[in-house]
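All remarks here apply to the structure that follows.
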Ligand SMILES: *Cc1c(COP(=O)(O)O)cnc(C)c1O
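Set out below in structure tokens:
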């Protein structure tokens, strides 16, 4: 075995993925939002078995690169069921995606609209509007999204360039704990739709993005509450002129279907502080612990009283610390070789695992057939 060979999956760290749980979550989302098409965000977890199962369940997909387009097509999806939602794209990637049959792209600027018009002539575009991201654990604002008046200009430009100005897209931030967070961008979208209609255009699609929560620390309302709030908002803001709607959930579909199994490398006392080092860290799938934004629940078989500790990863980089500002509580008897499991870790872990950082192998996935405890 060389330094960069993936570890055999009986070893730790590993992600245990239970695809039936993801399908259950997919169906719960569909029941919460009847009439809204689901486009699973592939970046959350691109495992081919998961993608095939979602195709069979009737899912569409949200993709951001030609590799993700190909992964969906290989899983059996039709190109018509894909939305290419990365607002900033390499020109060559637009050409590749269009060549594979993708017809719907997200933009958020006149520059990118012209690029799509040249690289994928005649395709449809959604314009992404900015949101505050407040209420979410992992905000996605600032980097993407324009104002409503800019969106009207972008979509009018699109029409003038021979594209189909399909409508508006937004994302309220990931692990959004507030079901009412969709109302402000839905209201803003309704103003864009009205302005476009006044200009003689016919927008028809509203992309409500992702953001639906998983069972991470701190809890969140049930998916039904999100569906009810969004349906209420659509009724209030669009009335009888409700456009077609889609959502792009990633985390809420796949997070709860995964458990990241780690082993304790060492427990070290530095002054009054107990440091627990795991064999998985920021560079082995846990990038969302940056700024302690996403807080996983922890499980261990070790019994006895617990106490606070700093939790860190195995690499030699000082950024590889998971939780320090807000310490975690683990058994005082925890020691080298014990297992610590991070639950609801199926999203944004294997795909963000760095190949070979410090010689640590990327995080492998093991498909599990047994029941995953809720
Ligand atoms: C990442 C992403 C998603 C998925 O977001 P979740 O919060 O995981 O549901 C959806 N849409 C876009 C454009 C994204 O970038």
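Numbering (the working numbering), first residue to last: 153 to 526. Beta carbons: idealized from backbone N, C-alpha and C, even for Gly.
- Listed in chain order, the beta strand (DSSP E) runs fully inside the region 220-299 are 234-236, 256-259, 276-280 and 288-290, counting runs of at least 3 residues.
- Nearest C-alpha to residue 170 among 489, 408, 515 and 468: 408.
- Spanning the alpha carbons of residue 233 and residue 381 requires a straight line of approximately 26 Å.
- Taking one beta carbon from each stretch, the region 391-400 and the region 446-465 have fewer than 3 pairs nearer than 8 Å; the two do not touch.
- At the C-beta level, residue 379 and residue 324 stay beyond 8 Å of one another.
- The region 189-202 makes no contact with the region 430-438: fewer than 3 CB pairs, one atom from each, lie closer than 8 Å.
- Nearest Cα to residue 305 within the set 279, 285 and 330: 279.
- Taking 8 Å as the cut-off, the beta carbon of residue 263 is found no closer than this to the beta carbon of residue 413.
- Between residue 239 and residue 260, the beta carbon gap of about 4 Å places them in contact (Cβ cut-off 8 Å).
- Contact annotation: residue 490 and residue 416 have beta-carbon atoms nearer than 8 Å.
- The Cβ neighbour count for residue 519, taken over all protein chains shown within 10 Å, is under 16; the residue is labelled exposed.
- Counting along the chain, no beta strand (DSSP E) covers residue 449, and no H or E run does either.
- Beta bridge pairing from DSSP links residue 320 with 279 and 358.
- By the neighbour-count criterion, in which a residue is buried when 16 or more other Cβ atoms sit within 10 angstroms of its Cβ, residue 242 is exposed.
- Assignment of residue 438 by DSSP, reduced to helix, strand and coil, places it in the coil class.
- Contact between residue 452 and residue 481 does not hold, since their C-beta atoms are separated by about 11 Å, which reaches or exceeds 8 Å.
- For the pair of segments examined, the region 326-340 was found not to touch the region 263-277: the number of CB pairs separated by less than 8 Å stays below three.
- Assignment of beta strand (DSSP E) within the region 367-449, counting only whole runs of 3 or more residues, yields 396-399, 410-422 and 425-430 in chain order.
- Set against 7 Å, the gap from the CB of residue 195 to the closest heavy atom of ligand 1 is smaller.
- Here residue 192 carries a strand assignment [DSSP, helix/strand/coil].
- With a threshold of 7 Å, the Cβ atom of residue 451 does not count as near ligand 1, since no heavy atom of the ligand is closer than that.
- If you draw a 10 Å sphere on the C-beta of residue 468, you find fewer than 16 other C-beta atoms in it, and that means exposed.
- Secondary structure of residue 520 (DSSP, three-state): coil.
- Residue 443 holds the alpha-carbon nearest to the alpha-carbon of residue 471 among 478, 443 and 516.
- Your pair residue 345 and residue 395 checks out as a contact, with CB atoms roughly 7 Å apart and the cut at 8 Å.
- Closest in alpha carbon position to residue 228, among 203, 216 and 371, is 203.
- For residue 512, the three-state secondary structure derived from DSSP is coil.
- A straight line joining the alpha-carbon of residue 231 with that of residue 427 spans about 49 Å.
- Looking at the DSSP output, residue 500 bridges to nothing.
- Excluding residues up to 5 positions away in sequence, 427 lie with their Cβ nearer than 6 Å to the Cβ of residue 420 in the same chain.
- In the structure shown, residue 483 adopts extended strand secondary structure according to DSSP, grouped into three states.
- If you compare the alpha carbons of 356, 328 and 352 with that of residue 371, the shortest gap goes to 328.
- In this structure, ligand 1 has no non-hydrogen atom nearer than 7 Å to the beta-carbon of residue 226.
- Per DSSP, the beta-bridge partners of residue 491 are 415.
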